[in-house]
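Mapping of the sequence shown onto full-length UniProt numbering: position 105 corresponds to residue 105, and the numbering continues sequentially without gaps.
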Amino acid sequence: MSREILVCDHVTKVFTSGFLHKIEVRAVDDVSFTVKEGEIISLIGQSGSGKTTLGKIILRLLPPTSGNVIFNGKDIWNELKSKEDLKEYWRNVHAIFQNPMGSFNAFYKVDRVLNQALELRGIDPNSEEGIKLKEESLRAVGLNPGEILGKYPHQLSGGQLQRVMISRNWILKPKLLIADEAVSMLDVSTRGKIMELFDKLRKEIGSSIIFISHDIGLSYFISDRIFIMHRGRIVEEGTPEEVIDNPKDEYTKTLIASVPTIYRRWEDFEEV
Numbered sequence: 001m002s003r004e005i006l007v008c009d010h011v012t013k014v015f016t017s018g019f020l021h022k023i024e025v026r027a028v029d030d031v032s033f034t035v036k037e038g039e040i041i042s043l044i045g046q047s048g049s050g051k052t053t054l055g056k057i058i059l060r061l062l063p064p065t066s067g068n069v070i071f072n073g074k075d076i077w078n079e080l081k082s083k084e085d086l087k088e089y090w091r092n093v094h095a096i097f098q099n100p101m102g103s104f105n106a107f108y109k110v111d112r113v114l115n116q117a118l119e120l121r122g123i124d125p126n127s128e129e130g131i132k133l134k135e136e137s138l139r140a141v142g143l144n145p146g147e148i149l150g151k152y153p154h155q156l157s158g159g160q161l162q163r164v165m166i167s168r169n170w171i172l173k174p175k176l177l178i179a180d181e182a183v184s185m186l187d188v189s190t191r192g193k194i195m196e197l198f199d200k201l202r203k204e205i206g207s208s209i210i211f212i213s214h215d216i217g218l219s220y221f222i223s224d225r226i227f228i229m230h231r232g233r234i235v236e237e238g239t240p241e242e243v244i245d246n247p248k249d250e251y252t253k254t255l256i257a258s259v260p261t262i263y264r265r266w267e268d269f270e271e272v
């Protein structure tokens, strides 16, 4: 049985606003769950459900108000102190965000994000090994290195840029990848190809993936387990069949009712 790589234990995040009359908003409210090695889980919820805030806490971008996040046996907010600790953590826990263009600096060629990944691994981007890895990583995600390297972000499509970000992960080989609405801005055909690449990362590199989304259909066929978030809390969890085919929580039922068709499971697509 696969071991647990990530443990979120009673994680809470409270935002406070106002000067005379303070208002508290519990963006994440006492959330606990685990992620196993090589597992794909989905955090599903509408805007404001707390799923992105939870992702930022796991990425160590936003501190929790209370609770613990344990990665590979270490509490990421209490035990990772040095720059080297953080560098190692961000090499093993990486993210792909919603807007591909937002992940690139318009003044630099797209090569830069791949070079930074190589440097995190201690490899000279201009060495023979570095150049070979860049080209291999791009081919792994279906891109022609000759058409990508040396280009600026505005010269590539959104789908190509998102694939470059996935190729960066191919270089880093992270133990945990957080995909926050990573396909929501892409067209339908490109979405399918990107989802195939996520599955490829899991199968060939062994990465665990947290897929943060409002898209029940995509989550249904790629996930091993699904967690439904509402107002900062996980209101339902289980396999796609348990949660989507046999929902128990009223909020989950409402979400599913808004989706005309639930896609088939990922394994069904592979058999076609």
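The C-beta atom is built at its ideal place from N, Cα and C for all residues, glycine as well. None of these values were measured; they are calculated from a predicted model.
Where does residue i land, buried or exposed, given buried means 16+ other C-beta within 10 angstroms?
i, result
"S53", "It should be pointed out that residue 53 corresponds to Thr in this sequence rather than to Ser. Result: buried."
"L156", "buried"
"I5", "buried"
"M101", "exposed"
"G122", "exposed"
"Q160", "buried"
"P63", "exposed"
"K13", "buried"
"W266", "Here W266 scores only 46 on pLDDT, less than 50, and its place in the model should not be relied on; the value that follows carries that caveat. Classification for W266: buried."
"S219", "buried"
"L143", "buried"
"F107", "exposed"
"V11", "buried"
"I244", "buried"
"I23", "exposed"
"L61", "exposed"
In the DSSP assignment, the alpha helix (DSSP H) including residue i goes from what residue to what residue?
i, result
"G130", "E128 to A140"
"D199", "V188 to I205"
"S167", "G158 to L172"
"R112", "D111 to L120"
"S219", "I216 to I222"
"I40", "Careful: I40 lies outside any alpha helix (DSSP H), inside the beta strand (DSSP E) at I40 to I44."
CB residue i to CB residue j, shorter than 9 Å?
i, j, result
"residue 276", "D30", "Beyond the ends of the chain as shown, which are 1 and 272, falls residue 276; an answer cannot be given."
"D215", "S184", "yes"
"V188", "R163", "no"
"I194", "R202", "no"
"R168", "Q98", "no"
"L133", "L149", "no"
"S42", "I205", "no"
"S17", "V28", "no"
"D9", "I96", "no"
"Y251", "E236", "yes"
"T55", "I212", "One point to set straight first is that residue 55 is Gly, not Thr, in the sequence displayed. It is a contact, given that the beta carbons lie within the stated cut-off."
"K87", "M229", "no"
From residue i to residue j, what does the alpha carbon distance come to, in whole angstroms?
i, j, result
"E196", "E79", "35 Å"
"I131", "P153", "20 Å"
"P240", "D249", "14 Å"
"D111", "M165", "11 Å"
"K175", "E84", "17 Å"
"E147", "G73", "42 Å"
"E39", "F19", "44 Å"
"G217", "R191", "12 Å"
"L59", "F71", "11 Å"
"I57", "S127", "35 Å"
"K253", "I178", "26 Å"
"F227", "N246", "14 Å"
"N68", "I171", "29 Å"
"W77", "H94", "16 Å"
"L120", "S66", "30 Å"
"K151", "V7", "40 Å"
"W90", "E136", "22 Å"
"residue 314", "D75", "With the chain running from 1 to 272 in the structure shown, residue 314 is simply not present."
On the DSSP letters alone, give me the boundaries of the beta strand (DSSP E) that residue i sits inside.
i, result
"G238", "R233 to G238"
"E24", "I23 to K36"
"F211", "S208 to S213"
"T12", "E4 to S17"
"A179", "L176 to D180"
"F227", "R225 to H230"
The ligand NAP and residue i: does any heavy atom of the ligand fall closer than 8 Å to the residue's C-beta?
i, result
"S47", "Here there are no bound small molecules, and the ligand NAP is not part of this structure."
Problem set entry | Those runs of the beta strand (DSSP E) which lie wholly inside the segment 69-104 and span at least 3 residues | 93-96
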